[in-house]
Ligand code: MG
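Residue numbers (my numbering): 228 to 619.
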């Protein structure tokens, strides 16, 4: 038995949304942009080995920041054909299967991906279709006539094929082509037509987005709390790091890692909200890998674990309790560093500081403490997991 071929995904998110009037791909659906839903559906599918993104050229940095897991982010062209061709070129040197998916179709179920992959493995190419339920009429010069809808179908994405077939199909410039699978049809490549999914809607006009908001919800929201305290070190070589930022002219804190008390509180709040244990269980201080480690690594890892379980970080609110140093000058750099590690917007993180009014150990400046509260949210999941069944 041969090994199963690699499966790649390509999210095409380079459109200019001319029919929508705003950039529909960046509209918010329960905390994530529309295209990120399409991206995650492929990314978290067990058969998919990697996903690339074709983004609009003027927002490439934003795509790269919002999808650090992507194989690549490349700029799209001025036509659908050029955009897909740009993505295809970025798979240079790879072989296997490629699923090309519209970034404007956020509700891609696991089952639909399965059907397309199975279809490609069987025939070399596959495309999901839907039978037409409305009556279809054609307006022509001779008046209006009713078409036989039993012979008609609509097609969706992801459309899949072996990479070598895609390369043949896109070998020549075809500015008018708006449907990728049509180019494979022209090559007389066998295509497996597999049942599509009516929830796999394409957001084209405002009403589609309103429907998508209904399909995405209701969301589950959770809150977690984290607390940590570290004592000041007597060792002159310990550096002070708070919120991922090196703070000069102040003694460092004792600890196994870099003792970043702020990040430790944030990680515990995030893990706590998601019922994923705590920082000690994830990064045990008995493990030499974490000796002196930057706590930003812990934060990044916690963020990835949450995302893998479809959690979005809504907000993280932090209070630092310290007699010294003064936190205010470092507030913004801390927010920037932590937002970057978590791949979230900076306005989702708050850092505040207070002294302990010289009360107790913190008040005697023996150490620094931090509290964090994290709010996370994820869609209820019935739709994108395909658990509601599908049309056959
Ligand atoms: Mg700690």
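Backbone N, C-alpha and C fix where the C-beta goes; we use that ideal spot for every residue, glycine too. Just so you know, these numbers come straight off a predicted model, no measurement behind them.
Checklist entry - If you draw a straight line from the alpha carbon of residue 451 to that of residue 327, how long is it in whole angstroms? => result 38 Å
Next on the checklist: Taking its Cβ as the centre, do 16 or more other Cβ atoms sit within 10 Å of residue 485, making it buried, or is it exposed?
Outcome noted: buried
Checklist entry - Around the ligand MG, which residues pass a check of Cβ closer than 7 Å to any of its heavy atoms? => result 455, 457, 482, 486, 488, 491, 506
Next on the checklist: Strictly by DSSP, which residues pair up with residue 452?
Outcome noted: 600
Item to check | Helix, strand or coil at residue 619 [DSSP, three-state] | outcome: At residue 619 the pLDDT is 30, less than 50, meaning the model places this residue with poor confidence; the figure from the coordinates comes in the next sentence. In this structure, residue 619 counts as coil in the three-state DSSP scheme.
Checklist entry - Hey, how far is the Cα of residue 518 from the Cα of residue 479? => result 15 Å
Checklist entry - Ends of the alpha helix (DSSP H) at residue 436? => result 433-443
Checklist entry - Under a three-way DSSP split, which group does residue 310 fall into? => result helix
Checklist entry - Would you call the CB atoms of residue 622 and residue 408 closer than 8 Å? => result What is shown of the chain runs 228 to 619, which leaves residue 622 out entirely.
Next on the checklist: Could you tell me the alpha carbon to alpha carbon distance between residue 444 and residue 265, rounded to whole angstroms?
Outcome noted: 16 Å
Next on the checklist: Based on DSSP bridge pairs, tell me the residues matched to residue 424.
Outcome noted: None; residue 424 has no bridge partner.
Next on the checklist: Rounded to the nearest angstrom, what separates residue 334 and residue 401 at their Cα positions?
Outcome noted: 29 Å
Next on the checklist: Just to confirm the assignment: which complete beta strand (DSSP E) runs, minimum length 3, are found wholly within the region 228-263?
Outcome noted: 234-240
Item to check | Of the residues 313, 234, 260, 290, the one placed nearest residue 276, counting alpha carbons only | outcome: 234
Next on the checklist: Taking the alpha helix (DSSP H) that residue 561 belongs to, which residues open and close that run?
Outcome noted: 558-569
Next on the checklist: Would residue 488 and residue 457 be called neighbours here (beta carbons separated by less than 8 Å)?
Outcome noted: yes
Item to check | Inter-stretch contact at 8 Å, needing at least 3 Cβ pairs: the region 521-528 / the region 574-582 | outcome: no
Item to check | Within the region 273-304, ranges of the beta strand (DSSP E) (whole runs, at least 3 residues) | outcome: 277-282, 300-302
Item to check | For residue 269, the residue or residues it bridges with in DSSP | outcome: None; residue 269 has no bridge partner.
Checklist entry - From what residue to what residue does the alpha helix (DSSP H) around residue 346 run? => result 337-350
Checklist entry - Skipping 5 residues on each side, what residues in its chain have a beta carbon closer than 6 Å to that of residue 449? => result 500, 603
Item to check | Completely contained beta strand (DSSP E) runs for the region 443-520, where each covers 3 or more residues | outcome: 446-458, 467-469, 472-474
Next on the checklist: Classify residue 462: buried if its beta carbon has 16 or more other beta carbons within 10 angstroms, exposed otherwise.
Outcome noted: exposed
Checklist entry - Leaving out the 5 sequence neighbours to the left and right, which residues in its chain are closer than 7 Å to residue 270 when beta-carbon positions are compared? => result 278, 296
Checklist entry - Of the choices 242, 599, 548, 474, whose alpha-carbon is the least far from that of residue 560? => result 474
Checklist entry - Helix, strand or coil for residue 407 per DSSP? => result helix
Checklist entry - Taking Cβ to Cβ, would you say residue 596 is nearer than 8 Å to residue 548? => result yes
Checklist entry - DSSP three-state call for residue 369: helix, strand or coil? => result coil
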